[in-house]
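Have a look at the structure below before the remarks.
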Amino acid sequence: MNSIATKMGCTTETLRKWLRQCERDQGLRAGLTSDEREQLKALEREVRELKRANEILRKASSRSAGNCRLPRQRITSTRHGKQTRNGCRHAYGEMKR
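What the sequence shown shows, in the working numbering, is residues 933 to 1029, in sequence order.
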């Protein structure tokens, strides 16, 4: 195996790994085939991306949740005997609800 590895320009361990993977692909050795290994990497990449997206959405929703509170209604002034809320009156003189 040493002489073959040197002729190919790689180390003995690299050649040994290639041989083992070839045996897995042919079903002669237990383990993941090359196709299964590629699928696993793609799925792991997708999981990382989805986790990252979920984190971004969770942070965005927590930030916007704090900004979405309705203001407390407070009576600020009276006009013609009618109280207005937050100092605003509807165009026709009635309170906007």
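For every residue, glycine included, the Cβ atom is placed at its ideal position computed from N, Cα and C.
Should residue i and residue j be called a contact, given that it needs their Cβ atoms to be closer than 7 Å?
i      : j      : result
Thr965 : Arg952 : no
Going straight from the alpha carbon of residue i to that of residue j, what length do you get?
i      : j      : result
Asp967 : Leu975 : 12 Å
Leu982 : Cys954 : 33 Å
Lys991 : Arg984 : 11 Å
Asn934 : Asn986 : 50 Å
Ile988 : Leu972 : 24 Å
Gly941 : Lys949 : 15 Å
Arg995 : Arg969 : 39 Å
Lys939 : Glu945 : 14 Å
Val979 : Leu960 : 31 Å
Assuming residue i and residue j are in contact, meaning their beta carbons sit under 8 Å apart, how far apart are those beta carbons, in whole angstroms?
i      : j      : result
Ala937 : Leu947 : 4 Å
Could you give the residue range of the alpha helix (DSSP H) that holds residue i?
i      : result
Thr944 : Thr944 to Asp957
Met940 : Asn934 to Met940
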